[in-house]
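**Student:** Before anything else, here's the structure in question.
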């Protein structure tokens, strides 16, 4: 990075590196005797600055972090010297050595690779400036991908520079290291730490469950789950303390001890370790005085508990140890969210347990682990914004809540944000006046100070008791980060040093307070958070609420939702109720930050929710994230940032809209960013939150609507047959009698063409009615018997939304298609088809209706330009040409011929001619056309 903060070019970097090497060569005698610290400061730092990394923190304080070296005589070094991040995601770690040190050592390689592996990072770099090795961690072998033997040898300068450039920031942005290994024929094994630790966690859970099932056959599944969960939580906490070098490796000592004549000695010795940790750390994780937990009253066979303990040191099939000091809370949270999605089941007729569920169970519950970059953004723009101008005393009064906290990822990040803000203020000399713990500051926040912040500010609720226990564990692990044996020894009280979180992170149903409906899980906010609610409510609510609606267990709960929540309408999608509940428990100026599906923005069934938001809040920001935020889930997601505001000022509020549908760029650098007046939502049809209409786009949309007629005024628009649960009874591969008609579905049409797949549908109202609730109503028969335009309904993730074809053969169709039958015969069917298939109308649709489905309600609003029938002919003629070309193309089948290529060229040319005619028809200028096409290309 240049001194002025800009990215330097590759050629500039090459020239600067040559100067650095010449500088080294002139001072070679000095640097060959220098310490590692001096080599880092004078040479290695400068090398990576030349490669455009922000080591000086000008643009980002966390792009490159310098890690402290935690070491002592009895143990290996625990951390690498640098972590390089792009948009918050670790790209590679660097282990630095002095020039005089030969880096060709297994020990040094294992240090670099081990830390990188535990950081869930694919690349590890080992360098002493003169020599450099780059290892691909996922491959799990000793091969270096980059190997530089002597950078000071200028005869090999060009070759060495090209290799080093792969470590540049520019290369990281373009994934050049990944391209390098592809070119070498190396296939990643995808064994990052979170995948391996998740596999191991399931294995440990299975082993312990089966052992307890074998020995204690009277235990119920939930009791086994509780015992196993508590044992694993304790072991993970102990391993974290060991790798932070706060505690000795007591677990290893227990597992290695040879026991003769007693198969249960190891677990009894382990319970003594638990007792030691209870005395020192307390917190409820290891039990409470006078209260034993179930896991303290059982025995586990030696071979089982030993294999679990040993697995917590060395991952299956890996050459490096787990380093829990390096495994971040984000990684553990990800693992635990996945882990919680598996349910313990007893195999039928066997005394063994198995884990079932996984992604399918998680999906049906509407639970998805939130990526770190999303959590960061929400917390910074809700918690961070809320506290940034407050005093330390005011920050300690800030009450932050995640009402569906899961494993605690949002709470961990919020805790970090509050600590970071408080510490920054204390560094500048500010002190608390009310809290004794925060009246002094000495270079870092102490454990008592972090404890004060945690207990004062962080709160969570979850329906799942296991999730609450894990969230508490993750917060304990977070609060201990940065601590050492020395810092702990300096505490006034070195016993019971962790807080109890039983009044902060609670089990309960955040949405239902009626015990008749939710039983023991009914959650009365005014009782469970009595002091907070008495003071007006929470200051900030954050999270990723559940999305599911299909698995609401009982009609009684549905009825409870309907009575309790004024936003209830349509389906029972959970997140709408979480938004209403969260706004209701915010104080009068509180902030909310959620990631939720984008369905609430414009879908008619969410009008009450939108109205509720408009009545109670200023919308501060909406971020359109598009698809693929969550792994293996096709949900279009949105970040919603609100501030409660009960005054009329909210109607004049201007909200920020950010369009950021690519994960390859940070949310702070959206592809589009603009402001919209909130009152435009108040005045819109069904109070739709149309975030696609920027001021420029809105002007173009208004122009398109001028001198046009909504489609619903000139046509009848409806969907095809909804078969309900009786599709197999209605659809056939042959015509059985005259009640059967040729059938099309959404997949059977494309622009200007359709292809019958050979299916038939039974159209008989009496048959459908005979199935009762399983059947659905049939559209009027005349819809199918008329000439019509067919439109695909489902276009999730597709670049083009409007896909329309002409049906002149009386096909019947299913409800994945919409039917447009022209009723005003002054409009040609082919004229309307050309308009609907045009780039301009696709643009209009995408900007007006931000949904993945193309519904009749949307189609009815499309503006068709008013023209005399004779004036429509120029478009009609071109549409006829396209229909003919597509028919000929269909006749060719899949044959790759010159004729096919020629027809495809003609189709492309004619399509462009129609686009130009439609642009001209609606008065679109060249400048506006450029805006339209750039906007569509960004999707």
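Numbering (the numbering used here), first residue to last: 684 to 1622. Where a beta carbon is used, it is the ideal one built from N, C-alpha and C, also for glycine.
In angstroms with no decimal places, state the Cα-to-Cα distance between residue 1200 and residue 1530.
**Tutor:** Going from the Cα of residue 1200 to the Cα of residue 1530 covers about 42 Å.
**Student:** State the beta-bridge partners of residue 749 as determined by DSSP.
**Tutor:** 765, per the DSSP bridge assignment.
**Student:** Determine the closest residue to residue 1536 out of 1495, 1555, 1474, 739, with distance taken between C-alpha atoms.
**Tutor:** Ranking the options by Cα distance to residue 1536, first place goes to 1474.
**Student:** Between the C-alpha atoms of residue 1372 and residue 1225, what's the straight-line distance to the nearest angstrom?
**Tutor:** Distance between the alpha carbons of residue 1372 and residue 1225 is about 21 Å.
**Student:** Just how far apart, CA to CA, sit residue 974 and residue 1097?
**Tutor:** Computed Cα separation, rounded: 32 Å.
**Student:** Let's see if you can read the secondary structure: which residues bound the alpha helix (DSSP H) around residue 1584?
**Tutor:** Taken as a continuous stretch (DSSP letters only), the alpha helix (DSSP H) holding residue 1584 covers 1581–1604.
**Student:** Give the single residue among 1558, 1553, 1524 whose Cα lies nearest to the Cα of residue 1543.
**Tutor:** Comparing Cα-Cα distances from residue 1543 to each of 1558, 1553, 1524, the minimum goes to 1524.
**Student:** Is the stretch 1134–1148 touching the stretch 1184–1194, taking contact as three or more C-beta pairs under 8 Å?
**Tutor:** At 8 Å Cβ cutoff, the stretches touch.
**Student:** Apart from the five residues just before and just after residue 755, which ones in its own chain have a Cβ nearer than 6 Å to its Cβ?
**Tutor:** Reliability of the predicted coordinates at residue 755 is poor, the pLDDT of 35 falling under 50, and the value obtained from them is presented with this limitation in mind. Counting only Cβ-Cβ distances below 6 Å, and skipping sequence neighbours, we find nothing.
**Student:** I need the boundaries of the beta strand (DSSP E) containing residue 1427, first residue and last residue.
**Tutor:** Segment 1423–1427, the beta strand (DSSP E) holding residue 1427.
**Student:** Please determine if the stretch 770–789 and the stretch 802–810 are in contact, where contact requires at least 3 C-beta pairs separated by less than 8 Å.
**Tutor:** Counting Cβ pairs under 8 Å, three or more are found: they touch.
**Student:** Residue 1378 lies in the alpha helix (DSSP H); which residues open and close that run?
**Tutor:** Per DSSP, residue 1378 belongs to the alpha helix (DSSP H) from 1378–1388.
**Student:** On the DSSP letters alone, give me the boundaries of the alpha helix (DSSP H) that residue 1066 sits inside.
**Tutor:** First-last for residue 1066: undefined, no H or E at that position.
**Student:** For residue 1623, which residues of its own chain have a beta-carbon under 7 Å away from its beta-carbon, when the five flanking residues on both sides are left out?
**Tutor:** No information on residue 1623 is available, as it lies outside the stretch 684 to 1622 that the chain covers here.
**Student:** I need the DSSP call for residue 1372, collapsed to helix, strand or coil.
**Tutor:** Note: residue 1372 maps to coil in three-state DSSP.
**Student:** Among 764, 1275, 727, 1269, which one has its Cα closest to the Cα of residue 1064?
**Tutor:** Of 764, 1275, 727, 1269, the residue nearest in Cα terms is 1275.
**Student:** Note down, in chain order, each residue of its chain lying with its Cβ closer than 8 Å to the Cβ of residue 933, except the 5 sequence neighbours on either side.
**Tutor:** If we look at residue 933 and ignore the five residues flanking it on each side, its Cβ neighbours are 921, 925, 956, 959.
**Student:** For residue 728, which residues in the same chain have their Cβ closer than 7 Å to its Cβ, ignoring the five residues on either side in sequence?
**Tutor:** Answer for residue 728: 738, listed in chain order.
**Student:** Which residue spans inside the stretch 939–989 form an unbroken alpha helix (DSSP H) run of at least 4?
**Tutor:** Those alpha helix (DSSP H) runs which fall completely within the stretch 939–989 and span 4+ residues are 948–964.
**Student:** To the nearest angstrom, how far is it from the Cα of residue 1556 to the Cα of residue 1547?
**Tutor:** When rounded, the distance between both Cα atoms is 15 Å.
**Student:** So what does residue 1221 bridge to, in DSSP terms?
**Tutor:** DSSP lists 1269 as partners of residue 1221.
**Student:** Under 8 Å between the Cβ atoms of residue 1427 and residue 1519?
**Tutor:** Cβ atoms of residue 1427 and residue 1519: not closer than 8 Å.
**Student:** Would you kindly report the start and end of the unbroken beta strand (DSSP E) that includes residue 1184?
**Tutor:** Premise fails: residue 1184 is in no beta strand (DSSP E) and is neither H nor E.
**Student:** Would you identify the three-state DSSP class for residue 1541, choosing helix, strand or coil?
**Tutor:** Residue 1541: helix per DSSP, three-state reduction.
**Student:** Is it right to say residue 1335 is buried, meaning 16 or more other beta carbons lie within 10 angstroms of its own, or is it exposed?
**Tutor:** Residue 1335 is exposed by the Cβ-count criterion.
**Student:** Helix, strand or coil for residue 1208? Go by DSSP, reduced to three states.
**Tutor:** Helix, per DSSP.
**Student:** Does the distance from the CB of residue 1495 to the CB of residue 1541 come in under 8 Å?
**Tutor:** Result no, Cβ atoms of residue 1495 and residue 1541 do not sit closer than 8 Å.
**Student:** Taking its Cβ as the centre, do 16 or more other Cβ atoms sit within 10 Å of residue 879, making it buried, or is it exposed?
**Tutor:** Residue 879 should be labelled buried.
**Student:** Just confirm the distance between the C-beta atoms of residue 894 and residue 977, as a whole number of angstroms; I'd bet it's less than 8 Å.
**Tutor:** Going by Cβ atoms, the distance from residue 894 to residue 977 rounds to 14 Å, so no, they are not a contact pair.
**Student:** Identify every residue that forms a DSSP beta bridge with residue 830.
**Tutor:** Its beta-bridge partners are 816.
**Student:** Tell whether a beta-carbon distance below 8 Å holds between residue 1013 and residue 1081.
**Tutor:** Going by C-beta atoms, residue 1013 is not nearer than 8 Å to residue 1081.
**Student:** For residue 1119, count neighbouring Cβ atoms within 10 angstroms of its own Cβ and tell me buried if that reaches 16, exposed if not.
**Tutor:** Label assigned to residue 1119: exposed.
**Student:** Assuming residue 815 and residue 831 are in contact, meaning their beta carbons sit under 8 Å apart, how far apart are those beta carbons, in whole angstroms?
**Tutor:** Between residue 831 and residue 815 the Cβ distance is about 4 Å, and since that is below 8 Å, they are a contact.
**Student:** Which full runs of the beta strand (DSSP E) of 3+ residues lie inside the stretch 1395–1423, going along the chain?
**Tutor:** Here the runs fully enclosed are 1398–1402.
**Student:** Can you give me the Cβ contacts of residue 1148 inside the same chain, cut-off strictly under 7 Å, excluding the 5 residues immediately before and after it?
**Tutor:** The answer, listed in chain order, is 1190.
**Student:** Among all the DSSP beta bridges, which residues are the ones paired with residue 1309?
**Tutor:** Bridge partners of residue 1309: 1320.
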